[in-house]
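This report concerns only the one structure given below.
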Amino acid sequence: MSRDVLVIGEALVDIVHRDAGRIEETPGGSPANVAIALARLGEEPLLLTQLGDDPRGRTVRSWLEASGVELLLAGAERTSTASARLSADGSAEYEFDLTWTLEGLDPQAVAAESPGVVHVGSVAALLHPGADTVRALLESLRPIALISYDPNIRPALVPDRARAVREVEALVALADVVKASDEDLAWLYPGADPLDVARRLQRSGPAVVVVTRGGDGACAVTATGTVFVDGHSVVVVDTVGAGDTFMSALIHSLREAGLSGAASREPLRGIEEQHLREMLEFGAAAAAVTVSRPGADPPRLDEVVFTAAEVSRAGSRMPRPRAHVEQP
Numbered sequence: 000m001s002r003d004v005l006v007i008g009e010a011l012v013d014i015v016h017r018d019a020g021r022i023e024e025t026p027g028g029s030p031a032n033v034a035i036a037l038a039r040l041g042e043e044p045l046l047l048t049q050l051g052d053d054p055r056g057r058t059v060r061s062w063l064e065a066s067g068v069e070l071l072l073a074g075a076e077r078t079s080t081a082s083a084r085l086s087a088d089g090s091a092e093y094e095f096d097l098t099w100t101l102e103g104l105d106p107q108a109v110a111a112e113s114p115g116v117v118h119v120g121s122v123a124a125l126l127h128p129g130a131d132t133v134r135a136l137l138e139s140l141r142p143i144a145l146i147s148y149d150p151n152i153r154p155a156l157v158p159d160r161a162r163a164v165r166e167v168e169a170l171v172a173l174a175d176v177v178k179a180s181d182e183d184l185a186w187l188y189p190g191a192d193p194l195d196v197a198r199r200l201q202r203s204g205p206a207v208v209v210v211t212r213g214g215d216g217a218c219a220v221t222a223t224g225t226v227f228v229d230g231h232s233v234v235v236v237d238t239v240g241a242g243d244t245f246m247s248a249l250i251h252s253l254r255e256a257g258l259s260g261a262a263s264r265e266p267l268r269g270i271e272e273q274h275l276r277e278m279l280e281f282g283a284a285a286a287a288v289t290v291s292r293p294g295a296d297p298p299r300l301d302e303v304v305f306t307a308a309e310v311s312r313a314g315s316r317m318p319r320p321r322a323h324v325e326q327p
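Numbering (numbering that gives the first Met the number 0), first residue to last: 0 to 327.
Take a look at the structure:
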């Protein structure tokens, strides 16, 4: 495959505080995780990011390139970090030391890549001044590419909730596929039903809005209805990178279906129910592999196929009542 997927966003070093005082440093960043996961699924993504010319930056570059991720870099004085403290259930709370400016970036060099799918999310979409550049890039690339967006909110970096909501909704309106966790939607819209929020967001522009619900599975909202799928029963080691893996699986599924480029925008709006369900189930299988092992360690394609097959065999012996479509 050509490098038809452009991922825009932060790459950094995760400093993970584990039990018994153990501290581990590993490469990470939500968009970087998406790029890695795409590469492991057989895609050849290009990651537009910002790294320092320092030991941590060299570690991140080596990690990305080892999986086949090509880089388009803006420089920085130092490589950013995110400190994660894991709770007993494997969930993570973050503190950031992060710079996102995209200084010196040549927009024409980005446009010359002519990507068919452009993905953006998390810190890069909301942290200024770089977020302004990201928004301008999406607007310039939308006439040639499908756009996917994952808010992946980091509350420590967005103290102004009202402003965050405005900026998230502007990006949602530019996107064709949106993936958000129920936790993201709860932070953005306290007290609101995530499914009601997803339906409203879908009406603002995207063809598909997906809500992930951890072990409870996921749902996808389109103009014609809502598709639900179950999660997988696995032993959770930690949840770092699970949402990013799900996002990459959705993008891979789009590409496999031939949905790439702006000409695919209208066909995507008419996606069939069964095809959408299969995309969600593939994403759930990919995320299940990631949460079953430590750190952001996305699976390769054969691992996802194996997991999906195992679930399918189990499902043939028991009912799956939440795999259904709810009409709007």
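Beta carbons: idealized from backbone N, C-alpha and C, even for Gly.
Query, Result
"Check each candidate in Leu275, Leu63, Ser252, Pro193 and name the one with the smallest Cα separation from Gly224.", "Leu275"
"So for Arg84, helix, strand or coil by DSSP?", "strand"
"Given that a residue counts as buried once 16 or more other Cβ atoms are within 10 Å of its Cβ, and exposed if not, what is Glu102?", "exposed"
"When the Cβ atoms of the segment 254 to 265 are set against those of the segment 211 to 226, are three or more pairs found closer than 8 Å?", "no"
"Scan the segment 27 to 79 and note each continuous alpha helix (DSSP H) run of 4 residues or more that stays entirely inside, going in chain order.", "29 to 39, 54 to 65"
"Whole beta strand (DSSP E) runs in the segment 213 to 276 with 3 or more residues, listed along the chain?", "217 to 220, 225 to 228"
"Give the secondary structure of Asp175 by DSSP, where H, G and I count as helix, E and B as strand, and everything else as coil.", "coil"
"Beta-carbon of His251 versus every beta-carbon of chain C: anything under 8 Å?", "The question asks about chain C, but that chain is absent: this structure has only one protein chain."
"Ordered along the chain, which non-local residues of its own chain (more than five positions away) have a Cβ less than 8 Å from that of Pro114?", "Arg2, Asp3, Val4, Leu5, Leu45, Leu140, Ile143, Ala144"
"Whole angstroms are fine: how far does the CA of Asp181 sit from the CA of Phe242?", "It should be pointed out that residue 242 corresponds to Gly in this sequence rather than to Phe. Distance between the alpha carbons of Gly242 and Asp181: 11 Å."
"Compute the distance between the beta-carbons of Ser247 and Ala36, then report whether it is under 8 Å.", "yes"
"Is Leu126 helix, strand or coil when you go by DSSP?", "coil"
"With a CB to CB cut of under 7 Å and the five nearest residues on each side skipped, what residues in its chain are close to Leu136?", "Ile7, Pro106, Val109"
"When you compare each of Ser147, Asp195, Asp229, Arg162 to Leu173 by their alpha carbons, which one comes out closest?", "Ser147"
"Specify the secondary structure class of Glu112 as computed by DSSP and reduced to three states.", "coil"
"So, with DSSP's three-state summary, where would you put Met96?", "The amino acid at residue 96 is misidentified as Met; the sequence shows Asp. In this structure, Asp96 counts as strand in the three-state DSSP scheme."
"For Ile14, which residues of its own chain have a beta-carbon under 6 Å away from its beta-carbon, when the five flanking residues on both sides are left out?", "Glu24, Thr80, Ser82"
"Rounded to whole angstroms, what's the CA-CA distance from Leu184 to Ile250? Just pull it up for me.", "21 Å"
"Reducing DSSP to helix, strand and coil, say where Leu5 ends up.", "strand"
"Since I believe Leu63 is in contact with Leu72 (beta carbons under 8 Å), could you give me their beta-carbon distance rounded to a whole number of angstroms?", "About 10 Å separates the two Cβ atoms, so there is no contact after all."
"Quick one: what does DSSP say Val133 is sitting in, helix, strand or coil?", "helix"
"To which residues of the same chain is Leu300 closer than 6 Å at the C-beta, ignoring the five residues directly before and after it?", "Leu40, Gly41"
"Have a look at Gln326 and Ser86 and give me their C-alpha separation to the nearest angstrom.", "Since pLDDT at Gln326 reaches only 38, below the 50 mark, its modelled position is unreliable, and no value is offered."
"Please report the residue range of the alpha helix (DSSP H) in which Leu184 lies.", "181 to 187"
"Give the DSSP bridge partners of Leu11, in chain order.", "Gly27"
"Just verifying my parser: in three-state terms, what is the DSSP assignment at Leu104?", "coil"
"Could you give the C-beta distance for Leu50 and Ala75, rounded to a whole number, given that I count them as a contact under 8 Å?", "6 Å"
"With the cut-off set at 8 Å, would you say Val167 and Pro189 are in Cβ contact?", "no"
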